[in-house]
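Taken in sequence, the protein lines are chains A and D. Sequential numbering from 4 applies to the first sequence in this note's numbering. Sequential numbering from 486 applies to the second sequence in this note's numbering. Don't be surprised by glycine CBs; every beta carbon is placed ideally from N, CA and C.
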Amino acid sequence: MIRFEQVAKRYPGGHDALIDLSFTVAAGEMVFVTGHSGAGKSTLLKLLSLVERPTRGSVHVDDVDLARVRRRRVPQVRRGIGMVFQDHRLLMDRSVFDNVALPLVIAGAPRAEAAKRVRAALDKVGLLAREKAAPTLLSAGEQQRVGIARAIVGKPPLIIADEPTGNLDPQLSVGIMQLFAEFAQVGTACWSPATTCT
Amino acid sequence: MNVRRRPPRRSAPEATPPKRPRAPRPSAGARLGRWRDHHLYGLLSSLGRLAVRPLATVLTVTVLGVALALPLLLQAALDNLRAFSGGLREAREITVFLDPDVGAAAAAEIAAGWRGRPDVAEVIVRTPEQGLAEFRQLSGFSEAIGVLDSNPLPSVLVVAPAGAAADGSDGALIAAIEADRRVDLVQHDAAWRRRLTAIMTLGERAAIALAALFGLATLLVVGNTVRLDVQSRAEEIAIMQLMGASDGFVRRPFLYAGLWYGLLGAVVAILIALAMHLALRDPLAQLIASYGGQLTVRGVAPTALLATLAGGAALGWLGAWIASTRQLRRTA
Ligand SMILES: Nc1ncnc2c1ncn2[C@@H]1O[C@H](COP(=O)(O)OP(=O)(O)OP(=O)(O)O)[C@@H](O)[C@H]1O
Ligand SMILES: [Mg+2]
């Protein structure tokens, strides 16, 4: 499902974030990437979501060469990925419900069905009661879980999560990891880099 | 950095090709529903954006309203002037004052002679007695006239030119009348009308130029407002793009916001125009009446109102499109 071939990423300014990275991930696999801070884990995710382009080498997702994806096609690729960000990246002026619904609104899902799926996703991360809250009022861990609900709500074939359990206590972390494992079981490659993981 | 993996619990994904089946093309009904939902989303979030900062929105809309009102008012002024000058244009008569020593019989003779001309439709003779009676009716003159022992007024011939003469074509007739030795003075409106036509042409050109200028101002005001809005929402736009929002999806709320700005600006412009009409109608009617005119003051034409609404909306949309597209090119 994911194939990195001799990928290198050098940021403008000459900093090498990734050098000669090759690996593959099959569908249904759940993978943890570990490394010290600044090792390039987030960079890896940015390459997958086409936020950054590799300096050398190639990245394939689902047999699609990402280097050949033109700007106009980028949104389509991203709609197939559920992303959890290290810094949450929630819309602070929208409710928890609206944040989680965003991928469905973008995909144009019928509203009644979307509402059902948003509540199911919020239920899975234990935030069903907070659907009307503003994200700013939530704790860091709760914000993290809103981000996770947003990533899984569209049932994407691929989930990438950047330190999704960084702000969670061990018990919640296990719960989230189980959630991702469930996804992997139903044929979803789940990709979850974390410095702290079991 | 190292990659640790938990092997798939099922063996199936490895055995079968991991390629997932292409989603079937959604039905026309589903696509229409999605299109409607996307536009509804754009519409609602654009309204939300205007409502979040009411003061800024009111200021922007008022500026747009003033900018759009000026061409509208000029247009209305021109409409009134055109109607007024149309009334003048009908008055093409040439007033001919004969020498005072030309008698009534001679005047009738001259009139008969001119009636024979092909470019003359009608000649009316006003005898000195008729003239005196007319003067008497004007208040304040009757006593003055009473002390006169003889009628000082000449005979007057009012000549109506024939045909739908354009400007200047009465020139030959006027020249012929002026050449007559029995004629003392010729009065006609040709010069005044020519001047009025020139003023009207100038006014119409100025209206077009002003409309273009203020249209450009509308475009710039909306464009700049939307540009600032896009900039202040850079983070939100980045998140939506990461979630797979297309440029069209990101841009739509801004386009609707531009549309609202333009439409609301046009509504304000129309309100300004109506207020001006109400304020100026009566004094203007009095002014026209004092010139002996019977014209009613016209309001702004309904077509001009519709054109302002359509133009405002189109300019708002276009300004928002230019600004948001430029900003999106930069982020992406
Ligand atoms: N946009 C950028 N421009 C320049 N350098 C960058 C940029 N983004 C990341 N880097 C550098 O690339 C290296 C890898 O960054 P990355 O964010 O991938 O690390 P990470 O493994 O996610 O670290 P952490 O565990 O702290 O999140 C870092 O040294 C960082 O300074
Ligand atoms: Mg990181």
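Q | Chain-ordered chain A contacts of A730(D) [CB-CB under 8 Å] | A | In the second sequence, the residue the question calls residue 730(D) occupies position 245. By Cβ distance, chain A contributes P78, I109.
Q.
For R92(A), would you say it is in contact with chain D, using Cβ-to-Cβ distances shorter than 8 Å as the test?
A. The residue given as residue 92(A) occupies position 89 in the first sequence. So yes, R92(A) belongs to the interface.
Q: Kindly list, in the order they appear in chain A, the residues whose Cβ is closer than 9 Å to that of H523(D).
A: Mapped onto the second sequence, residue 523(D) falls at position 38. In chain order: V108, I109, G111.
Q) Would the beta-carbon of V10(A) fall within 8 Å of that of R59(A)? A) In the first sequence, counting from the first residue as 1, residue 10(A) sits at position 7. In the first sequence, counting from the first residue as 1, residue 59(A) sits at position 56. Going by C-beta atoms, V10(A) is nearer than 8 Å to R59(A).
Q) Should M95(A) be labelled buried (16 or more other beta-carbon atoms within 10 Å of its own) or exposed? A) Start at 1 with the first residue of the first sequence, and residue 95(A) comes out as number 92. Burial call: exposed.
Q | Residues that DSSP places opposite D19(A) in a beta bridge | A | Numbered from its first residue, the first sequence carries residue 19(A) at position 16. DSSP lists R13(A) as partners of D19(A).
**Q.** Integer Cβ distance of P646(D) from D669(D), believed to fall under 8 Å
**A.** What you label residue 646(D) is simply residue 161 of the second sequence in a count that begins at 1. What you label residue 669(D) is simply residue 184 of the second sequence in a count that begins at 1. P646(D) to D669(D), Cβ: 20 Å. No contact.
(Q) Shorter than 7 Å, the distance from the beta carbon of Q168(A) to the closest heavy atom of ligand 1, or not? (A) Translated into positions along the first sequence, residue 168(A) becomes position 165. The amino acid occupying residue 168(A) in the given sequence is Thr; Gln does not appear at that position. In this structure, T168(A) has its CB at a distance of at least 7 Å from all heavy atoms of ligand 1.
Q: Throw me the rounded Cβ distance for the G750(D) and G797(D) pair, which I believe falls under 8 Å.
A: Working through the second sequence from its first residue, we reach residue 750(D) at position 265. Working through the second sequence from its first residue, we reach residue 797(D) at position 312. Here G750(D) really is in contact with G797(D); their C-beta atoms are around 5 Å apart, less than 8 Å.
Q. Is Y741(D) close to chain A, meaning its C-beta is less than 8 Å from at least one C-beta of that chain?
A. The residue you call residue 741(D) lines up with position 256 of the second sequence. False, the Cβ-Cβ gap to chain A never drops below 8 Å.
Q. With a cut-off of 8 Å, do at least 3 Cβ pairs link the segment 552-563 of chain D to the segment 751-763 of chain D?
A. Judged by Cβ distances under 8 Å, the segment 552-563 of chain D makes contact with the segment 751-763 of chain D, as three or more pairs qualify.
Q: Determine whether the Cβ of R815(D) lies closer than 8 Å to any Cβ atom of chain A.
A: Within the second sequence, numbered from 1, the residue matching residue 815(D) stands at position 330. It does not: the Cβ of R815(D) has no partner Cβ on chain A nearer than 8 Å.
Q: For the segment 720-735 of chain D and the segment 104-111 of chain A, state whether three or more C-beta atom pairs, one from each stretch, are separated by less than 8 Å.
A: A contact exists between the segment 720-735 of chain D and the segment 104-111 of chain A.
Q) Any residues whose CB sits closer than 5 Å to a heavy atom of ligand 1? List them in chain order? A) Residues with a Cβ closer than 5 Å to any heavy atom of ligand 1, in chain order: Y14(A), H18(A), A20(A), S40(A), G41(A), A42(A), G43(A), K44(A), S45(A), T46(A).
Q) So, using beta-carbon positions, are V103(A) and R148(A) closer together than 8 Å? A) Taking the first residue of the first sequence as position 1, residue 103(A) is located at position 100. Taking the first residue of the first sequence as position 1, residue 148(A) is located at position 145. Here V103(A) is not near R148(A), since their CB atoms are 8 Å or more apart.
(Q) Just to confirm my understanding: we take V156(A), look at its own chain, exclude 5 residues before and 5 after, and list those with CB closer than 7 Å. What are they? (A) As a first step, residue 156(A) is located in the first sequence; it is residue number 153 there, counting from the start. Correct list, in chain order: V103, P106, L107, R120, V121, A124.
Q. What's the call for K158(A), buried or exposed, on a 16-neighbour Cβ count within 10 Å?
A. As a working note, residue 158(A) is residue 155 in the first sequence. By the 10 Å Cβ count, K158(A) comes out exposed.
Q) For the 8 Å Cβ check, are there 3 or more pairs between the segment 703-710 of chain D and the segment 759-770 of chain D? A) With the cut-off at 8 Å, the segment 703-710 of chain D and the segment 759-770 of chain D do not touch.
Q) For the 8 Å Cβ check, are there 3 or more pairs between the segment 6-24 of chain A and the segment 39-49 of chain A? A) Contact holds: three or more Cβ-Cβ distances are below 8 Å.
Q. What residue range is occupied by the uninterrupted beta strand (DSSP E) comprising N581(D)?
A. Counting from one through the second sequence, the residue named residue 581(D) turns up at place 96. Per the sequence shown, residue 581(D) should be read as Val rather than Asn. 579-583 is the extent of the beta strand (DSSP E) around V581(D).
**Q.** Cβ-Cβ distance between V715(D) and S775(D) below 8 Å
**A.** The residue labelled residue 715(D) in the question sits at position 230 within the second sequence. The residue labelled residue 775(D) in the question sits at position 290 within the second sequence. Not in contact: V715(D) and S775(D) (Cβ atoms no closer than 8 Å).
Q) Does F734(D) get closer than 8 Å to chain A when you measure Cβ to Cβ? A) One-based indexing of the second sequence puts residue 734(D) at position 249. Taking a beta-carbon distance threshold of 8 Å, F734(D) counts as an interface residue toward chain A.
**Q.** G518(D) versus L525(D) - alpha carbon distance
**A.** Translated into positions along the second sequence, residue 518(D) becomes position 33. Translated into positions along the second sequence, residue 525(D) becomes position 40. Going by the C-alpha atoms only, they are around 10 Å apart.
Q | Straight-line Cα distance separating L535(D) from P164(A) | A | Walking along the first sequence from the start, residue 164(A) turns up at place 161. Walking along the second sequence from the start, residue 535(D) turns up at place 50. A quick correction: the sequence has Ala, not Pro, at residue 164(A). Computed Cα separation, rounded: 35 Å.
(Q) Is the beta carbon of K12(A) closer than 8 Å to that of P57(A)? (A) On the first sequence, position 54 is the one that residue 57(A) refers to. On the first sequence, position 9 is the one that residue 12(A) refers to. Taking C-beta atoms as the reference points, P57(A) and K12(A) count as a pair closer than 8 Å.
(Q) Using only the alpha-carbon positions, how far apart do S98(A) and G747(D) sit? (A) Along the first sequence, one-based indexing puts residue 98(A) at 95. Along the second sequence, one-based indexing puts residue 747(D) at 262. So the two alpha carbons sit approximately 30 Å from each other.
Q: Specify the secondary structure class of L93(A) as computed by DSSP and reduced to three states.
A: As a position in the first sequence, residue 93(A) is number 90, starting the count at 1. In the structure shown, L93(A) adopts coil according to DSSP, grouped into three states.
Q. Which residue from T612(D), G801(D), L704(D), W599(D) puts its Cα closest to that of V644(D)?
A. To locate residue 644(D), count along the second sequence from 1; it is residue 159. Selected option, being the one with the closest Cα: W599(D).
**Q.** Cβ neighbour criterion (16 or more within 10 Å) applied to W745(D)
**A.** On the second sequence, residue 745(D) is found 260 positions in, with the first residue counted as 1. Counting every other CB atom within 10 Å of its CB across the protein chains shown gives W745(D) a total of 16 or more, marking it as buried.
Q.
Rounded to whole angstroms, what is the Cα-Cα separation between I179(A) and W806(D)?
A. Counting from 1 along the first sequence, the entry for residue 179(A) is found at position 176. Counting from 1 along the second sequence, the entry for residue 806(D) is found at position 321. Going from the Cα of I179(A) to the Cα of W806(D) covers about 42 Å.
Q | Complete runs of the alpha helix (DSSP H) confined to the segment 619-645 of chain D [at least 4 residues] | A | If only uninterrupted alpha helix (DSSP H) runs of at least 4 residues are considered, those enclosed by the segment 619-645 of chain D are 627-631.
Q) Is the Cβ-Cβ distance between L557(D) and V785(D) less than 8 Å? A) Residue numbering aside, residue 557(D) sits at position 72 when the second sequence is read from its first letter. Residue numbering aside, residue 785(D) sits at position 300 when the second sequence is read from its first letter. In this structure, L557(D) lies near V785(D), with their beta-carbon atoms less than 8 Å apart.
(Q) Please report whether the beta-carbon of L105(A) lies at a distance below 8 Å from any beta-carbon of chain D. (A) Reading the first sequence from its first residue, position 102 is the one you call residue 105(A). Yes, its Cβ sits closer than 8 Å to a Cβ of chain D.
Q: Report the partner residues of E607(D) according to the DSSP bridge assignment.
A: Position 122 of the second sequence, counting from 1, holds the residue named residue 607(D). Note: E607(D) sits in a beta bridge opposite A645(D).
(Q) DSSP three-state label for T168(A), please. (A) Residue mapping note: residue 168(A) aligns to position 165 of the first sequence, counting from 1. Coil.
(Q) Quick check: the Cα distance between L658(D) and E607(D), rounded to an integer number of angstroms? (A) One-based indexing of the second sequence puts residue 658(D) at position 173. One-based indexing of the second sequence puts residue 607(D) at position 122. Rounded to whole angstroms, the separation of the alpha carbons of E607(D) and L658(D) is 13 Å.
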